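In this note's numbering, the protein residues as written are 21 to 459. Below is one structure; the comments refer to it alone.
In structure tokens:
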């Protein structure tokens with residue numbers, strides 16, 4: 021009991037008068053008692069909404085459900101909840117019903133890039149494996165609103181085996197990302213089975229897991245879960261802290277357990293208006309992350325999912341934040357700012373431009389301070405033709421594990437072994453005219 025704050029004790033007893041307070045740190049108790057209605061939220065927090073506002077909130081939950089873990093709710097500053105970053109990420113606002121003409125239910129076209137059940141295959145050497153639709157709670161900014169919250173389900177083994185068979189039969193896949201929902205909402209034994217099947221595939225070199233449990237349900241990081249994960253190195257975990265206040269003592273303990281198990285940790289934040297769209301906030305967040313052995317990995321521009329327009333910032337705000345980090349803090353504390361391209365184009369880095377100009381012999385650069393400098397290109401550089409026959413290459417040391425797959429995109433244009441000179445979209449007016457002229 022002494023390990024809980026007074027606020028946590030108060031919330032626990034309001035949820036269940038018969039609760040033993042040591043149940044608070046039982047992740048299954050937390051899951052069983054998620055707050056799912058505006059009435060329940062008011063009762064537990066003591067916050068009271070005016071009827072017109074309350075009615076709009078209830079209407080919002082009819083389309084986008086409410087679900088908050090007691091733990092995450094305990095982080096809300098009830099004295100200033102309207103601007104509280106925890107509240108704004110967890111509680112439904114009427115602005116979610118402002119669906120714009122450009123909003124999409126599947127903005128990343130994950131369903132169209134699904135060659136097998138539960139698989140999204142977008143990049144050459146890696147796949148996304150959706151192993152669950154269940155999350156610890158319902159994040160208001162979720163890009164997968166079509167999958168999470170409305171449908172609370174876990175695919176069965178037979179269904180997931182179809183995805184596993186696809187991975188087995190696709191030898192270029194060396195990296196599998198388990199996502200959902202949240203893979204850590206699966207039982208230890210079920211997750212153990214999934215990991216055993218995937219890591220037994222010879223060409224799979226690494227498994228990644230995306231989870232928000234260290235943020236919203238840190239008690240899920242149990243010794244039992246750690247024991248399962250340690251069996252399947254190399255495993256990499258990406259979590260999802262958006263604001264410094266989410267790094268509570270319980271969250272730090274969860275991260276320490278994972279890091280102590282030898283698991284590399286990364287963080288993927290979403291840039292959210294009114295929550296973390298501030299250089300000072302983001303600098304504090306990345307500093308706290310690296311202090312807890314988590315490398316800031318991505319800063320996402322908010323996706324074009326339905327009902328997220330009030331969360332979106334201009335891209336310029338993200339550039340401003342990255343400018344405030346590069347050169348002003350450790351390089352490994354600077355995330356890559358990306359837009360996950362609508363239509364399934366994948367993650368596109370959007371970073372400040374430090375290359376001002378260039379000529380045959382020089383490039384002109386600027387640094388974070390505004391210093392402008394030049395870099396002299398070599399006077400003589402002898403290029404060599406690459407036929408991509410690595411086995412016979414005498415230019416570099418042999419690389420026993422090096423394999424070359426099919427080259428695509430910009431790499432294809434740069435390759436000496438391919439005679440492609442341009443990448444041209446299909447079905448443009450110009451291409452159609454060519455077809456008409458040749459018919």
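Every residue gets a Cβ at the ideal spot worked out from N, C-alpha and C, and that includes glycine. Computed from a predicted model, the values in this text were never measured in an experiment.
Grab the span of the alpha helix (DSSP H) containing residue 49 for me, first residue to last. Position 29 of the chain shown holds residue 49. Run containing residue 49: 47-52, per the alpha helix (DSSP H) assignment.
Local conformation of residue 361 per DSSP, three classes: Locating residue 361 in the chain shown gives position 341, counting from the first residue. In this structure, residue 361 counts as strand in the three-state DSSP scheme.
C-alpha gap between residue 184 and residue 346, whole angstroms: Stepping through the chain shown from its first residue, residue 184 is reached at position 164. Stepping through the chain shown from its first residue, residue 346 is reached at position 326. Across the structure, residue 184 and residue 346 are spaced so that their CA atoms are roughly 40 Å apart.
Out of 344, 296, 364, point me to the one whose CA is closest to residue 332's CA. One-based indexing of the chain shown puts residue 332 at position 312. Residue 296 is the option with its Cα nearest to residue 332.
Out of 241, 353, 174, 228, point me to the one whose CA is closest to residue 289's CA. In the chain shown, counting from the first residue as 1, residue 289 sits at position 269. That would be 353, whose Cα lies nearest to the Cα of residue 289.
With DSSP as the reference, identify every bridge partner of residue 199, one or two as the case may be. What you label residue 199 is simply residue 179 of the chain shown in a count that begins at 1. Looking at the DSSP assignment, residue 199 forms a beta bridge with 150.
Quick one: is residue 168 buried, meaning 16 or more other Cβ sit within 10 Å of its Cβ, or exposed? Within the chain shown, numbered from 1, the residue matching residue 168 stands at position 148. With a pLDDT of only 48 at residue 168, under the threshold of 50, the placement of this residue in the model should not be trusted; the figure read from the coordinates follows. Label assigned to residue 168: buried.
Quick check: the Cα distance between residue 190 and residue 146, rounded to an integer number of angstroms? Working through the chain shown from its first residue, we reach residue 190 at position 170. Working through the chain shown from its first residue, we reach residue 146 at position 126. Rounded to the nearest whole angstrom, the C-alpha separation of residue 190 and residue 146 is 10 Å.
Close beta carbons around residue 18, own chain, < 8 Å, minus the five adjacent residues each side: Any question about residue 18 goes unanswered here, given that the chain covers just 21 to 459.
When 227, 357, 329 are compared against residue 341, the one with the closest alpha-carbon: As a working note, residue 341 is residue 321 in the chain shown. Ranking 227, 357, 329 by Cα distance to residue 341 puts 357 first.
Quick check: the Cα distance between residue 368 and residue 328, rounded to an integer number of angstroms? Working through the chain shown from its first residue, we reach residue 368 at position 348. Working through the chain shown from its first residue, we reach residue 328 at position 308. Going by the C-alpha atoms only, they are around 20 Å apart.
Contact between the region 220-240 and the region 251-259 (3+ Cβ pairs under 8 Å): Result yes; three or more Cβ-Cβ pairs closer than 8 Å.
Taking Cβ to Cβ, would you say residue 316 is nearer than 8 Å to residue 355? Indexing the chain shown from 1 puts residue 316 at position 296. Indexing the chain shown from 1 puts residue 355 at position 335. In this structure, residue 316 places its C-beta atom within 8 Å of the C-beta atom of residue 355.
Cβ-Cβ separation, residue 151 to residue 175 (assumed contact under 8 Å), whole Å: Position 155 of the chain shown holds residue 175. Position 131 of the chain shown holds residue 151. That pair is a contact at about 7 Å.
Coil, strand or helix - residue 137 by DSSP: Numbered from its first residue, the chain shown carries residue 137 at position 117. Assigned with DSSP and collapsed to three states, residue 137 falls in coil, not helix or strand.
Using the three-state DSSP reduction, which class does residue 80 fall into: helix, strand or coil? Taking the chain shown and counting its residues from 1, one reaches residue 80 at position 60. If DSSP states are grouped into helix, strand and coil, residue 80 belongs with the helices.
Residues in its own chain within less than 6 Å of residue 96 by CB, not counting five upstream and five downstream? To locate residue 96, count along the chain shown from 1; it is residue 76. Exclusion of the five residues before and after residue 96 leaves 104, 106, 107 as the residues of its chain whose Cβ lies within less than 6 Å of its Cβ.
Can you tell which of 439, 394, 204 has the C-alpha that lies nearest to the C-alpha of residue 377? Mapped onto the chain shown, residue 377 falls at position 357. The candidate whose alpha carbon is nearest that of residue 377 is 394.
What residue range does the beta strand (DSSP E) around residue 386 cover? As a working note, residue 386 is residue 366 in the chain shown. Start and end: 382-386.
Are there 16 or more other CB atoms within 10 angstroms of the CB of residue 82, so buried, or fewer, so exposed? On the chain shown, residue 82 is found 62 positions in, with the first residue counted as 1. By the Cβ-count criterion, residue 82 is exposed, with fewer than 16 other Cβ atoms from all chains shown falling within 10 Å of its own Cβ.
If I follow the unbroken alpha helix (DSSP H) through residue 117, where does it start and stop? Along the chain shown, read from residue 1 onward, the residue named residue 117 stands at position 97. Segment: none, residue 117 is in no alpha helix (DSSP H) and carries neither H nor E.
Own chain partners of residue 135 with C-beta closer than 8 Å, once the 5 adjacent residues on each side are dropped: Along the chain shown, one-based indexing puts residue 135 at 115. Here the set comprises 141, 186.
The alpha helix (DSSP H) that contains residue 311, what's its start and end? Position 291 of the chain shown, counting from 1, holds the residue named residue 311. DSSP places residue 311 in the uninterrupted alpha helix (DSSP H) bounded by 299-311.
C-beta atoms of residue 138 and residue 180 nearer than 8 Å: Here residue 138 refers to the residue found at position 118 when the chain shown is read from its first residue. Here residue 180 refers to the residue found at position 160 when the chain shown is read from its first residue. It is a contact, given that the beta carbons lie within the stated cut-off.
Proximity below 8 Å, CB of residue 158 to CB of residue 90: Position 138 of the chain shown, counted from the first residue, corresponds to residue 158. Position 70 of the chain shown, counted from the first residue, corresponds to residue 90. Not closer than 8 Å, so no.
Residue environment, residue 54, which counts as buried when at least 16 other CB atoms sit within 10 Å: Your numbering for residue 54 matches position 34 in the chain shown. Under this definition residue 54 is a buried residue.
For the beta strand (DSSP E) that residue 256 lies in, which residues bound it at each end? In the chain shown, the residue the question calls residue 256 occupies position 236. Residue 256: member of the beta strand (DSSP E) spanning 255-259, first to last residue.
Name the residue from 294, 330, 79 whose alpha carbon lies nearest to the alpha carbon of residue 71. To locate residue 71, count along the chain shown from 1; it is residue 51. When the alpha-carbon of residue 71 is set against those of 294, 330, 79, the nearest one is in 79.
Determine, using beta carbons only, whether residue 254 and residue 192 come nearer to each other than 8 Å. Taking the chain shown and counting its residues from 1, the one referred to as residue 254 is at position 234. Taking the chain shown and counting its residues from 1, the one referred to as residue 192 is at position 172. It is not a contact, given that the beta carbons lie outside the stated cut-off.
Give the range of the alpha helix (DSSP H) segment to which residue 335 is assigned. Against the chain shown, residue 335 aligns to sequence position 315. Here the alpha helix (DSSP H) through residue 335 covers 335-345.
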